[in-house]
Amino acid sequence: MRAAVLLFAALVSSSEEVVGGNRAVYDEGGASMADVKAGIEENFEVDDAHPPYHDVVLSSESPCLWNMKTVWGGCDSVSYFLRNEVLGHTARVTAYAQINVEGRDQADETAVDMTLSESTAVLDSVSHGWSAAAHLSVNPIGLFGGSVSYERSEQRTRTRTVTREYARRYACPAWHRCQLQTWAWHVRITAACQRTAILRCAFEVRVCDATSLACPAYEAFRKQWCPYLPIQGAERCTLSVPLYDQAGKPISEVRRLAWDRRPQFVGCKRTWARISTGELWDAVTRFYFNDTDAESAARGWYAKASTVPPPNVPRPFPCVRSPEEAAIEKEQEGDEVTRAVDAARKSVKRFGPAREEGTASER
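Under the working numbering, the letters of the sequence shown match residues 12 to 374, in that order.
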């Protein structure tokens, strides 16, 4: 129930997200990809009355003319084939999105607008050889459900795209790299499939269920493929299907993703922030210091160009000393880093913050 509600909320709300590093973090207005995925997986099932199937044709032979059941309609050949039908109670549904990148941009110190006029959904083809379709439905109280069933469609047996008008403006935040993406949802079914031997002439005959076939060739086919127990005819099968709504339109949504380009805050060393580049950063001078090795430390404190993304540190700045700590440090002789930053701060007071790459001593 909860997953279905989350799925409903995700598809009708604004779809924007911010990504930190390689991990997606969503805005409050939209459910995460994991929630949408869970909602689909928990509320989909296989239609046992019309299960999806995969046919393998073995041969085509002339019919036994005395068997009027299979020659009814005047056909001149009989197809011998095996049908693998999905057993619904064994099915495991996995939802996934096929992603199409509609646009890319990058913001420096000022946010930039990204405008989208149309959205294109990329739909994977139904797995080769399968006759299947997956449909999403919504009931009067707003909860989603759906089923995977038999359906033959030549249009859906190949990868295709569906484009629709979609007018909207998105903001790419300062110091972020952004993409606008269209997600087209699909389902992958992994299940046990029941193997059934079938003859097709004017219509289909399930030879394992037939009481009498009245033809030596048909009887030999039944003896070869019909098991004594149903489980003997079951085997593992997998199929993938695009997800459509009741009107036959693909289930898709537009998402804005934004990757933060700024170095992230890691911790504190005295009154300086340790950032994800390994450097120290001073909030007063906005200078950097690399203390990872002696050679780097010898360079001293330095500034970076204004086009370089500044560190993303918490506000208020967490690396502060209490009055007691400041008094103790004042009594003690500062280390090399402390002396260097003190010199840099004096330089800033005299000349103002540096904006280009260079050491504090050079400025």
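Ideal Cβ placement from N, Cα and C applies to all residues, glycine included.
Looking at the backbone, the Cα of Cys86 and that of Ile209 are separated by about 16 Å. A direct Cα-to-Cα measurement between Ala49 and Arg273 gives close to 32 Å.
A direct Cα-Cα distance of roughly 12 Å separates Arg171 from Gln109.
In the structure shown, the three-state DSSP call for Pro261 is strand.
Residue burial is scored here from C-beta neighbours: Thr121 has fewer than 16 other C-beta atoms within 10 angstroms and is therefore classed as exposed. Out of Arg297, Glu113, Arg206 and Arg94, the CA that lies nearest to the CA of Arg266 is found in Glu113. In this structure, DSSP gives Thr121 a state outside helix and strand, which the three-state scheme calls coil. When the Cα atoms are used, Val218 and Ile200 turn out to be separated by approximately 27 Å. Take the alpha-carbon of Gly289 and the one of Val277: they are about 9 Å apart. The alpha-carbon of Phe92 is positioned some 25 Å away from that of His100.
Taken atom to atom, the span from the alpha-carbon of Trp270 to that of Pro322 is near 14 Å. The Cβ atoms of Ala106 and Val198 sit closer than 8 Å to each other. Where Ala284 is concerned, the enclosing beta strand (DSSP E) starts and stops at Trp283 to Ile286. One alpha carbon belongs to Leu127, the other to Ala185, and they sit about 19 Å apart. Rounded to the nearest angstrom, the Cβ distance from Phe55 to Ser158 is 7 Å, consistent with a contact under 8 Å. Boundaries for Phe328: no alpha helix (DSSP H) harbours it, and the DSSP string shows neither H nor E there. Annotation: Pro253 is outside any alpha helix (DSSP H); the continuous beta strand (DSSP E) that includes it extends over Ala245 to Tyr255. Unbroken beta strand (DSSP E) stretches of 3 residues or longer found wholly inside the stretch 181-206: none. Following the DSSP letters along the chain, one finds Ser307 inside the alpha helix (DSSP H) bounded by residues Ala305 to Ala308. Nearest Cα to Arg297 within the set Pro334, Ala314 and Pro320: Ala314.
When secondary structure is reduced to three states using DSSP, Gly157 falls in the strand class.
With fewer than 16 other CB atoms across the displayed protein chains lying within 10 angstroms of its CB, Ser223 is exposed.
Inclusion of Cys204 and Cys248 in the CB contact set at 8 Å is warranted, their separation being smaller than that value. A straight-line Cα-Cα distance of about 32 Å links Asp46 and Pro320. Collapsing the DSSP output to three states places Asp46 in a helix. A Cβ-Cβ separation of about 6 Å places Leu250 in contact with Ala143 under the 8 Å criterion.
Shortest Cα-Cα distance from Arg103 to any of Asn95, Val57, Glu96 and Ser73 involves Val57. Excluding its 5 nearest sequence neighbours in each direction, Arg94 has C-beta neighbours in its own chain below 6 Å: Tyr64, Asp66, Thr207 and Ile209, listed in chain order.
Sequence-distant partners of Arg179 (beyond 5 residues in either direction) whose C-beta falls short of 8 Å from its own C-beta, in its chain, are Thr126, Leu127 and Val265. Note on Leu291: 16 or more other CB atoms within 10 angstroms of its CB, so buried under the neighbour-count rule.
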